[in-house]
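Protein sequences appear in the order of chains A and B. Using this note's numbering, read the first sequence as starting at 1 and increasing by one per residue. Using this note's numbering, read the second sequence as starting at 374 and increasing by one per residue. The C-beta atom is built at its ideal place from N, Cα and C for all residues, glycine as well.
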Amino acid sequence: MATPAHSLGYAGCNFLRQRLVLSTLSGRPVKIRKIRARDDSPGLRDFEASFIRLLDKITNGSRIEINQTGTTLYYQPGLLYGGTVEHDCSVLRSIGYYLEGLLCLAPFMKHPLKIVLRGVTNDQVDPSVDVLKATALPLLKQFGIDGESFELKIVRRGMPPGGGGEVIFSCPVRKVLKPVQLTDPGKIKRIRGMAYSVRVSPQMANRIVESARSILNKFIPDIYIYTDHMKGLNSGKSPGFGLSLVAETTNGTFLSAELASNPQGQGAAVLPEDLGRNCAQLLLEEIYRGGCVDSTNQSLALLLMTLGQQDVSKVLLGPLSPYTIEFLRHLKSFFQIMFKIETKPCGEELKGGDKVLMTCVGIGFSNLSKTLK
Amino acid sequence: SSEEDSVVEGGRSILESKTVGEGSKEGLSAANHQNDNLNLGKKAAITTSDSGHCTAEEALASEDESEESSSFSSDDEDAESTEIGREKLVKPSHMGSVQELGSENLIDETSDIEDLLKEEEEYKEENNCSTETSGALKWKEDLSRKAAEAFLRQQQATPNLRKLVYGTVTENSEE
């Protein structure tokens, strides 16, 4: 990774996180110009600056250059170091924003990563910590990243705009990843959920559960939605409530959906009944899209396939999200890898929307930073 | 009269659909069509209710009477003579309404049922044979060309995702 490779150049603020993560993994420097150059407040936002600081914390020897206005960023990645880290995330984005990046990087550290992240645990933009815990962790396990120390724990909940949540994420390191063959999603066998409420009546969570069940009960009997009402210091700084639902299939695929209430002082008040019902419908839509990987984790799965051993990996996905499509292009420019993309129209057997079968041969990426014991 | 004939036809087709096969689409659609054509909504209602309640045996039993009555041309005489046959055919619950409305149609109906049924069956069989054979022939005509066409159609219909994803990359040129 330390060998200087010629850098990649990009323009614009889109997909900044993707580019930085892939740059770190591939060891290729990136130069990103024109970051919100025409905006009223040009340059990097607080949450992006915070992500770059986080990258600086978990790596050793990274070089980061940002110009005066923050519109140009040069990033030369160092070695992924890991260890015990603490980070205060920006409250503009939720911890999920940072965690998504960390999930890509954590298995390739020199030392196992144990990180405390503080900020917003659930918001309306990024995947919440609950959803990542329920979907991304089982996905990583499929690639052979497992162990006792592999956990994601919500210590405190924090809702926007105040934040005040806290999350502990620890991940073991692996030298190589297993190739995967995920082509049969199976059938939905159970639905689990988490209805949370902070700094509002604990009854809110119960109302959410009731309305969500009113829709889901028609389809499957095995539904359990936990209610989580945190109090005092553990409830963060702002009031709010929300619901995350996860459907598990017989073959160990997790499909998720979530909704959160509007942040305090922004937008109209949301009824918990509406929220529960809408979230249940979102889950049904996600199940319709289907595939072996949840649409929020498509890019993570593709990355781990790319970084696997030199063997064929296959994964069946639902319709590709725009984020995933851009991620595929980035994978091509950073790792020179192109996926075989086959559309699988839904036949009589396979219900739901059209599926996409992604096939690739791993580049044989091995974690050079990991010390041999 | 033409009105009577049309009613009879409607009743016949419904009965036919009952006896030959409940779900035979042709019979039902024909019945609907003819009922639509009728301006006499009430009469149509009677015939349907009758055919619904009287079974084939009953219809056959009343055949003698109906044949006799069909020879008569005047409606008034008919009404009296058919009184008995109608009571046989119609369930007590429907008696009232039937008595009020024209009862003369019932007899003509039942008399013609059998003949018309036979005709209909024969016609159907012929129809089936012709469609089956022609369909089979068409299906077997140059299969390889059809397969090739289907393949090309499929190729064009499904978007080439690989091209969509990788083909449109413009900004990712390496420096």
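Just verifying my parser: in three-state terms, what is the DSSP assignment at B/Gln528?
Here B/Gln528 sits in helix by DSSP.
Determine the extent of the alpha helix (DSSP H) in which A/His330 is found, giving its start and end residues.
A/His330 -> alpha helix (DSSP H) spans Pro322 to Phe335.
If contact means a Cβ-Cβ distance below 9 Å, which residues of the segment 146–158 of chain A contact chain B?
Residues: none.
Applying the criterion that 16 or more other CB atoms from any shown protein chain within 10 Å of the CB defines a buried residue, is A/Glu86 buried or exposed?
Burial call: exposed.
Helix, strand or coil: how does DSSP classify A/Leu16 here?
Note: A/Leu16 maps to helix in three-state DSSP.
For the segment 191–232 of chain A, list the alpha helix (DSSP H) runs that are entirely contained and at least 4 residues long, ordered along the chain.
Entirely contained in the segment 191–232 of chain A, the alpha helix (DSSP H) runs reaching 4 residues are, in chain order, 203–216.
Does any residue of chain A bring its CB to less than 7 Å from the CB of B/Arg535?
Output row for B/Arg535: interface = yes.
Can you round the beta-carbon distance between A/Ser23 and A/Pro107 to whole angstroms, since I take them to be within the 8 Å contact cut?
Not a contact, Cβ separation roughly 17 Å.
Whole angstroms are fine: how far does the CA of A/Glu65 sit from the CA of A/Thr135?
Distance between the alpha carbons of A/Thr135 and A/Glu65: 35 Å.
Can you have a look at A/Val129 and say buried or exposed, based on whether 16 or more other CB atoms are within 10 angstroms of its CB?
So A/Val129 counts as buried.
Spatial neighbours of A/Phe334 within its chain, please: CB distance less than 8 Å, with the 5 preceding and 5 following residues excluded, ordered by chain position.
Only Leu8, Leu22, Ser23, Leu25, Ser26 and Arg28 meet the Cβ criterion.
Check this for me: beta carbons of A/Pro161 and A/Ser238, under 7 Å apart or not?
Their beta carbons are under 7 Å apart, which means A/Pro161 touches A/Ser238 by this criterion.
Against chain B, with Cβ distances strictly below 7 Å, would A/Ile168 count as a contact?
Chain B contact via Cβ: absent.
Check the Cβ of A/Ile337 against every Cβ in chain B and list those closer than 9 Å, keeping chain order.
Simply none; closest approach about 11 Å.
Among residues of its own chain, excluding the 5 on either side of A/Gly61, which ones have a beta-carbon nearer than 7 Å to its beta-carbon?
Contacts found: Gly78 and Leu79.
Is it right to say A/Tyr98 is buried, meaning 16 or more other beta carbons lie within 10 angstroms of its own, or is it exposed?
A/Tyr98 is buried by the Cβ-count criterion.
Tell me which residue opens and which closes the alpha helix (DSSP H) that A/Gly276 is part of.
Pro272 to Arg289 is the span of the alpha helix (DSSP H), which, as asked, contains A/Gly276.
Taking A/Glu342 as part of the beta strand (DSSP E), name the residues at either end of that continuous run.
Residues Lys340 to Lys344.
Return the CA-CA distance between A/Ala11 and A/Leu216, expressed in angstroms with no decimal places.
About 44 Å.
Is any beta-carbon of chain B found at less than 7 Å from that of A/Ile325?
Yes, because at least one Cβ of chain B sits closer than 7 Å to the Cβ of A/Ile325.
Could you compute how far the alpha carbon of A/Asp83 sits from the alpha carbon of A/Thr59?
Reading off the sequence shown, one finds Gly at residue 83 of chain A, where the question assumed Asp. The alpha-carbon atoms of A/Gly83 and A/Thr59 are separated by roughly 10 Å.
Just verifying my parser: in three-state terms, what is the DSSP assignment at A/Asp88?
Residue state, collapsed to three classes: strand.
Is the Cβ-Cβ distance between A/Leu243 and A/Cys279 less than 7 Å?
Yes, the Cβ-Cβ distance between A/Leu243 and A/Cys279 is below 7 Å.
DSSP state of A/Lys187, grouped into three classes?
Note: A/Lys187 maps to coil in three-state DSSP.
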